[in-house]
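Data block below; observations after.
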Amino acid sequence: MNRSSVTERSPVTDRPPSTDRLTVAVPLDQGRAYDILIGRGLLDEAGRHVAALGAKAAVIVSDTNVAALYGARLRASLEAAGLRSGLVTVAPGEASKSYATYAEVCDGLLAHKVERNDLVVALGGGVVGDLAGFAAATLRRGVRFVQAPTSLLAQVDSSVGGKTGINSGHGKNLIGAFHQPRLVLADTATLDTLSEREMRAGYAEVAKYGLINDAAFFDWCEAHWAGIFAGGNERDEAVAICCRAKAGVVVRDEREDGERALLNLGHTFAHALERLTGYESARLVHGEAVAIGLALAFRFSARLGLCPGQDAGRVANHLALAGLPTRLQAVPGGCGDADALVAAMAQDKKVRDGALTFILARGIGQSFIAPGIDGAEVRAFLHDELRTP
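Sequential numbering of the sequence shown, starting at 28, is according to our numbering.
Rendered as structure tokens:
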């Protein structure tokens with residue numbers, strides 16, 4: 028299982044496509060503004076939205092699982108709008124964010140004769156979005172692309188903001204580029220086909236937005252999380268709230284020179300866990316690592332005297348209620364010792380002059396950037412966490 032696509036359930040057909048559409052604007056400058064469209068059934072009308080961008084061709088990049096479910100539908104919509112279409116597929120899973128697969132995607136797009144004015148369409152979860160976006164950023168020195176995210180994690184987070192990239196043996200997302208999409212089509216009906224595990228994993232990123240700077244949204248999540256999973260109006264509303272929050276941050280700090288780093292709450296821990304588990308999604312998917320990372324960030328903040336212990340407990344309790352792991356011991360097969368975890372963090376993108384930077388919290392909705400954290404203090408905290416039953 029992986030954060031790119033899990034298809035354990037068949038597509039749900041008893042809910043008709045909604046005519047309601049939510050739109051979130053990302054008002055970047057220099058003609059790079061774009062919209063995020065949110066609602067059920069958007070893939071079937073994707074052609075007219077993509078055609079409005081002025082391309083003659085749109086080539087889809089997807090993984091084999093998602094392509095089997097939605098590839099033909101998306102191509103039919105594109106071609107009905109007069110666009111020449113193509114499809115490039117990769118294996119599902121975090122392992123596809125590699126140099127080798129990146130090269131295969133670039134060659135596949137070139138084989139489909141993608142030109143500078145054409146569009147690459149990323150159809151899938153976070154892995155596909157990151158990979159296809161990076162290929163688009165570098166192909167012919169930059170071609171346009173559209174995000175069509177099909178996982179909750181991708182719809183609320185990774186499809187928005189223009190971060191693209193692949194992994195290295197040295198760490199996650201260390202090779203990449205900022206390359207904004209021209210459009211995001213978040214068809215929330217595609218989430219009906221996700222496994223419960225992937226829905227839970229995506230929910231970690233939903234809760235994260237409340238924990239960063241919106242305590243009222245975290246309150247709302249505590250009351251409505253089940254509706255997000257069930258696919259009611261709460262799902263579309265949650266996606267829109269998260270996208271609106273991220274869009275605001277991206278506009279103010281596109282290249283993560285300051286405020287945007289707050290979006291990495293829990294991720295310093297999470298990326299270390301993913302690296303130490305070898306990006307093996309059977310053991311740990313990204314959202315599960317984020318859930319553990321969020322709980323660790325709040326417990327570490329409490330240990331440092333920054334955050335009330337009851338807030339740290341409330342965060343862990345809510346994530347656990349949603350079926351997410353909150354302890355290092357929950358990682359199947361283990362995650363190494365405290366020294367290994369700290370060493371894995373040393374390649375985090377937020378490291379400055381060799382010093383660790385964390386996103387910590389003074390309470391729910393009160394996160395802040397904490398540079399220069401003492402590695403020995405982190406190591407001692409992790410050592411105690413690993414010993415906690």
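Note that the Cβ used here is the ideal one computed from N, Cα and C, for glycine as well.
Residues near residue i by beta carbon distance below 7 Å, same chain, minus five either side
i, result
"residue 40", "In this predicted model, residue 40 has a pLDDT of only 36, less than 50, meaning its place in the structure is not dependable enough to derive any value."
"residue 180", "30, 152, 153, 228, 229, 232, 313 and 314"
"residue 244", "236, 237 and 268"
"residue 349", "227, 230 and 252"
"residue 353", "318, 319, 322, 343, 346 and 347"
"residue 294", "317 and 320"
"residue 282", "205"
"residue 34", "Note that residue 34 scores 33 on pLDDT, short of 50, meaning its location in the model is unreliable; the coordinates nonetheless yield the value given after this. Contacts found: 92, 96 and 220."
"residue 325", "334, 338, 339, 342 and 388"
"residue 402", "369 and 383"
"residue 355", "319, 362, 412 and 413"
CB contact flag (residue i, residue j, <7 Å)
i, j, result
"residue 84", "residue 111", "yes"
"residue 90", "residue 54", "no"
"residue 263", "residue 65", "yes"
"residue 13", "residue 136", "Outside the displayed range of the chain (28 to 416) lies residue 13, so it cannot be described from this structure."
"residue 287", "residue 51", "no"
"residue 149", "residue 187", "no"
"residue 302", "residue 250", "no"
"residue 192", "residue 161", "yes"
"residue 424", "residue 392", "The requested residue 424 is not part of the displayed model; the chain covers only 28 to 416."
"residue 142", "residue 306", "no"
"residue 128", "residue 117", "yes"
"residue 156", "residue 185", "yes"
"residue 239", "residue 292", "yes"
"residue 374", "residue 198", "yes"
Environment of residue i [buried if 16+ CB atoms lie within 10 Å]
i, result
"residue 146", "buried"
"residue 388", "buried"
"residue 140", "exposed"
"residue 415", "exposed"
"residue 176", "buried"
"residue 182", "buried"
"residue 423", "There is no way to answer for residue 423, as the model of the chain reaches only from 28 to 416."
"residue 411", "exposed"
"residue 260", "exposed"
"residue 126", "exposed"
"residue 404", "exposed"
"residue 28", "For residue 28, the predicted model reports a pLDDT of 27, less than 50, meaning its position is unreliable; a value from the coordinates is still stated below. Burial call: buried."
"residue 274", "buried"
"residue 285", "exposed"
Segment limits, alpha helix (DSSP H) that includes residue i
i, result
"residue 134", "126 to 138"
"residue 276", "260 to 279"
"residue 214", "From DSSP, residue 214 is part of no alpha helix (DSSP H) but of the beta strand (DSSP E) over 210 to 214."
"residue 235", "223 to 240"
"residue 77", "73 to 78"
"residue 295", "294 to 303"
"residue 348", "336 to 348"
Cβ-based neighbour list, residue i, same chain, cut-off 8 Å, excluding 5 preceding and 5 following
i, result
"residue 407", "365"
"residue 395", "289, 386, 387, 388 and 389"
"residue 277", "53, 55, 187, 188, 189 and 287"
"residue 57", "none"
"residue 62", "50, 51, 52, 53, 210 and 211"
Same chain only: Cβ atoms within 6 Å of residue i, ignoring 5 sequence neighbours per side
i, result
"residue 59", "207"
"residue 171", "146 and 209"
"residue 327", "408"
"residue 131", "none"
"residue 108", "74, 75 and 78"
"residue 203", "161, 191 and 192"
"residue 359", "310"
"residue 106", "112"
"residue 200", "192"
"residue 133", "162 and 166"
"residue 32", "Only weak support is given to the placement of residue 32: the predicted model assigns it a pLDDT of 33, under 50, and the question is left unresolved by the model."
"residue 194", "124"
"residue 400", "383 and 385"
Any C-beta of chain D under 7 Å from that of residue i
i, result
"residue 208", "Going by chain labels, chain D is absent from the structure shown, which holds only one protein chain."
Beta strand (DSSP E) segment containing residue i, residue limits
i, result
"residue 61", "61 to 66"
"residue 328", "Residue 328 -> not in any beta strand (DSSP E); alpha helix (DSSP H) instead, spanning 313 to 330."
"residue 148", "146 to 151"
"residue 200", "198 to 205"
"residue 112", "111 to 117"
"residue 366", "Here residue 366 belongs to no beta strand (DSSP E); instead the alpha helix (DSSP H) covers 365 to 372."
"residue 90", "84 to 90"
"residue 194", "190 to 195"
"residue 388", "383 to 388"
"residue 399", "394 to 400"
"residue 102", "No beta strand (DSSP E) holds residue 102; the alpha helix (DSSP H) holding it covers 99 to 107."
"residue 187", "No beta strand (DSSP E) contains residue 187, which DSSP labels as neither H nor E."
"residue 173", "171 to 176"
"residue 51", "49 to 53"
(request) Flag this pair as touching only if the region 334 to 351 and the region 284 to 301 have three or more C-beta atom pairs under 8 Å; answer yes or no. (result) Contact between the region 334 to 351 and the region 284 to 301 is absent: fewer than three C-beta pairs spanning the two stretches fall below 8 Å.
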